[in-house]
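Quick mapping for you: the protein sequence lines, in order, are chains F and W. With numbering that gives the first Met the number 0, the residue at position 100 of the first sequence is 99, and numbering never jumps. With numbering that gives the first Met the number 0, the residue at position 171 of the second sequence is 170, and numbering never jumps. Glycine included, every Cβ here is placed at the ideal spot set by N, Cα and C. It should be emphasised that the depicted structure is a prediction, and the values quoted were computed from it without experimental measurement. Here is the structure we will look at, set down as structure tokens.
Number of protein chains: 2
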Amino acid sequence: MFQSRVGTGYDLADQLSHKAQKTHADGGTTILALLGSHATNLAYDRHKIIFRQGDRASHFYRLVNGMVLLSKLRLNGRRQIVRLLLPGDLFGFEASEQRSLTAESLNNTAVAQYPYEVVDQIGDGSPALYRELMGFLRRQLSSTQEHAVMLGRQTALERVAAFLHWFAKRKNINNGEILTLPIRRRDFADYLGLSVETVSRMLTKLKEAGLIAVLKDHGKFIICDIVSLEDVMLDAKAYGFS
Amino acid sequence: MFQSRVGTGYDLADQLSHKAQKTHADGGTTILALLGSHATNLAYDRHKIIFRQGDRASHFYRLVNGMVLLSKLRLNGRRQIVRLLLPGDLFGFEASEQRSLTAESLNNTAVAQYPYEVVDQIGDGSPALYRELMGFLRRQLSSTQEHAVMLGRQTALERVAAFLHWFAKRKNINNGEILTLPIRRRDFADYLGLSVETVSRMLTKLKEAGLIAVLKDHGKFIICDIVSLEDVMLDAKAYGFS
DNA sequence: CGCCTCCTTGAGTACGATCAAAATGGGTGG
DNA sequence: CCACCCATTTTGATCGTACTCAAGGAGGCG
Chain F
0 MFQSRVGTGY DLADQLSHKA QKTHADGGTT ILALLGSHAT NLAYDRHKII
50 FRQGDRASHF YRLVNGMVLL SKLRLNGRRQ IVRLLLPGDL FGFEASEQRS
100 LTAESLNNTA VAQYPYEVVD QIGDGSPALY RELMGFLRRQ LSSTQEHAVM
150 LGRQTALERV AAFLHWFAKR KNINNGEILT LPIRRRDFAD YLGLSVETVS
200 RMLTKLKEAG LIAVLKDHGK FIICDIVSLE DVMLDAKAYG FS
Chain W
0 MFQSRVGTGY DLADQLSHKA QKTHADGGTT ILALLGSHAT NLAYDRHKII
50 FRQGDRASHF YRLVNGMVLL SKLRLNGRRQ IVRLLLPGDL FGFEASEQRS
100 LTAESLNNTA VAQYPYEVVD QIGDGSPALY RELMGFLRRQ LSSTQEHAVM
150 LGRQTALERV AAFLHWFAKR KNINNGEILT LPIRRRDFAD YLGLSVETVS
200 RMLTKLKEAG LIAVLKDHGK FIICDIVSLE DVMLDAKAYG FS
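In structure tokens, the structure reads:
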């Protein structure tokens with residue numbers, strides 16, 4: 000209903016793949032080549048559901064362009080974002096028949112969709128696919144564990160600093176350059192396990208300390224001092240922030 | 000240094016496999032059969048390091064008997080336990096050359112150790128191993144995500160209740176039966192992202208509400224009301240706990 | 001018996017949540 | 001282009017949960 004079919008085959012994926020691979024290594028060239036022609040290309044505009052917690056799972060995806068978030072909703076309405084996806088990332092593998100997460104586009108996105116069956120079909124002939132996918136899953140697991148450490152053992156300020164730092168590094172942003180984070184405070188907060196207000200307060204704190212600048216244009220920041228950002232991220236108190 | 004070599008081959012693993020598979024499905028029969036004779040069996044007594052964050056990684060493991068924890072230590076001394084392992088669980092896959100986690104035995108444990116190479120060696124001949132391992136990694140990822148939601152969005156009481164509930168379910172403990180959790184308050188707290196004192200307080204709270212009994216014998220509890228435990232775990236406030 | 005580690009309980013504090021309101025900005029239609 | 005509306009963000013005030021610091025108690029082991 001929300002999604003619009005763009006085409007079949009890897010034409011679009013191919014056009015966009017250069018950009019995708021530059022920004023992120025996961026699920027890169029090899030997997031793309033291996034899965035190539037089995038893709039269905041889909042496009043979503045901002046804030047659309049790609050799949051929902053509880054849906055029956057039959058496909059996995061490769062983010063071609065844009066940004067996607069994966070979240071869990073608890074019965075009492077509390078939400079936790081579990082992962083943020085950048086171009087090149089794979090998502091939509093499940094441990095059970097049902098989706099355990101909701102996937103939602105943050106801006107205009109293009110994704111390639113693959114039926115689960117192609118993994119076994121292609122994999123049986125060439126173990127390379129299995130190796131690639133296992134490598135991807137291991138990296139995924141490792142980064143989710145890192146996320147868990149943040150949620151369990153970092154202060155609000157450290158989390159916000161860490162998030163900006165992580166994103167700046169991944170986008171290769173240097174001091175003085177603009178970081179575009181197409182994400183609302185709500186999502187910001189749900190990713191960090193904080194309230195919207197706390198995120199806002201911590202951002203002003205970092206702003207007043209001169210580590211970042213918050214632009215009027217929503218979702219845009221300037222990274223002023225990425226080294227200090229890293230110091231704060233590692234231990235806010237030791238760095239002199241209360 | 001800490002470890003003592005017990006033998007080579009899958010003799011020990013075989014002897015213990017029945018128990019292992021009953022308590023947990025992960026890394027069960029199929030993987031065991033596939034990897035069989037490439038194992039080195041090791042034994043550790045309580046509170047020994049199996050591998051340490053920063054070590055070079057060359058093997059993965061299968062927990063045969065006992066209990067193991069995987070943790071991360073931050074520079075400021077804060078620790079987060081990322082996973083608790085029960086018999087049958089696989090661990091020690093890494094995303095990079097170095098261990099990103101420390102593995103530590105909680106009681107007397109037996110593990111089977113496999114060099115990374117066997118995966119490719121066996122996998123290239125029979126894709127079944129790759130499929131099994133991918134399934135294992137997917138389940139692992141899913142449960143780590145669940146853990147992240149807990150750390151980000153549950154209260155102290157909910158976390159403690161959830162932990163007891165999870166463990167009771169996995170060990171198939173019913174009301175009135177004894178749950179053995181061979182784990183100190185320190186580890187309890189580091190798994191839940193809380194302080195030792197808070198864990199202790201929440202346990203007395205659950206005790207006073209009659210949901211559990213805390214035995215003198217360290218690490219032993221009686222589960223009195225597992226249904227209420229689940230209610231508290233899902234939403235402590237809605238269930239009437241402040 | 002005494003030491004040591006682990007656990008519990010108490011008192012005070014602080015960090016972040018909640019509630020409330022004001023400010024900012026984007027989008028729409030006149 | 002401006003006015004208005006609505007969504008989002010920021011700021012303020014208060015509250016509550018969980019942390020910290022401190023002391024006492026309990027169990028394990030030599």
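| Query | Result |
| --- | --- |
| L136 (chain F) versus F:E93, F:G122, F:V110, residue with shortest Cα-Cα distance | F:E93 |
| Outcome for S241 (chain W) when other beta-carbon atoms lying within 10 angstroms are tallied against a minimum of 16 | exposed |
| Backbone CA spacing between L193 (chain F) and T154 (chain W) [nearest angstrom] | 13 Å |
| Residue-chain proximity (F92 (chain W), chain F), Cβ-Cβ < 7 Å | yes |
| Close-in-space but distant-in-sequence residues of the same chain around D186 (chain W) (CB under 8 Å, 5 per side omitted) | L68, I80, L105 |
| Own chain partners of S96 (chain F) with C-beta closer than 7 Å, once the 5 adjacent residues on each side are dropped | For the record, residue 96 (chain F) in the displayed sequence is Glu; it is not Ser. Result list for E96 (chain F): R55, A56, in chain order. |
| Check whether K71 (chain F) and L100 (chain F) have beta carbons under 7 Å apart | yes |
| Continuous alpha helix (DSSP H) stretch holding A147 (chain F): start and end | 126 to 152 |
| CA-to-CA distance, A235 (chain W) to G218 (chain F), given in whole angstroms | 35 Å |
| Spatial distance of G151 (chain W) from E229 (chain W) (CA atoms) | 19 Å |
| Minimum Cβ-Cβ distance from G151 (chain F) to chain W less than 7 Å | yes |
| Cβ-based neighbour list, G53 (chain W), same chain, cut-off 8 Å, excluding 5 preceding and 5 following | Q97, R98 |
| Cβ separation of D224 (chain W) and N174 (chain W), assumed to be a contact under 8 Å, to the nearest whole Å | 6 Å |
| Proximity test, Cβ basis, 7 Å: S99 (chain W) and chain F | yes |
| Cβ of G122 (chain F) within 7 Å of any chain W Cβ | yes |
| Proximal residues of chain W, C-beta to C-beta of K71 (chain F) below 9 Å | Q144, E145, A147, V148, R152 |
| C-alpha gap between M149 (chain W) and L85 (chain W), whole angstroms | 20 Å |
| Rounded straight-line distance, which links the Cα of D216 (chain F) to that of W165 (chain F) | 21 Å |
| Interface flag, Q20 (chain F) vs chain W, CB-CB below 7 Å | With a pLDDT of only 41 at Q20 (chain F), under the threshold of 50, the placement of this residue in the model should not be trusted, and no figure is reported. |
| Residue burial classification, K204 (chain F) (beta-carbon count within 10 angstroms, cutoff 16) | buried |
| Extent of the continuous beta strand (DSSP E) run through H58 (chain W) | 58 to 64 |
| R138 (chain F): contacting residues in chain W (beta-carbon distance under 7 Å) | A94 |
| Chain W contact for Q79 (chain F) (CB, 7 Å cutoff) | yes |
| Assumed close pair A42 (chain W), A111 (chain W) - CB separation to whole angstroms, cut-off 8 Å | Not quite, the Cβ-Cβ distance comes to about 11 Å (not below 8 Å), so this is no contact. |
| Proximity below 7 Å, CB of G122 (chain F) to CB of Y129 (chain F) | yes |
| Local conformation of K204 (chain W) per DSSP, three classes | helix |
| 7 Å Cβ cutoff, Y129 (chain F) in contact with chain W | yes |
| Collapsed DSSP secondary structure at G93 (chain W) in the structure displayed | Checking the displayed sequence, the identity of residue 93 (chain W) turns out to be Glu instead of Gly. E93 (chain W): coil per DSSP, three-state reduction. |
| Within chain F, partners of S241 (chain W) - CB distance below 7 Å | Within 7 Å Cβ-Cβ: nothing; S241 (chain W) doesn't reach chain F, min ~15 Å. |
| Beta-carbon neighbours of L132 (chain W), restricted to chain F and to distances below 7 Å | M133 |
| From W:Y60, W:M133, W:S142, W:G76, residue whose alpha carbon lies closest to that of T108 (chain W) | W:Y60 |
| Cut-off 6 Å between Cβ atoms - residues of its own chain near D44 (chain W), not counting five sequence neighbours on either side | N107 |
| Closest by C-alpha distance to L178 (chain W), when choosing among W:T197, W:L140, W:V213 | W:V213 |
| Same chain, Cβ closer than 8 Å to V195 (chain W), neighbours up to 5 away in sequence not counted | R184, R185, F187, A188 |
| Cβ separation of L191 (chain F) and V159 (chain F), assumed to be a contact under 8 Å, to the nearest whole Å | 7 Å |
| Beta-bridge pairing of R55 (chain W) - partner residues as DSSP gives them | W:Q97 |
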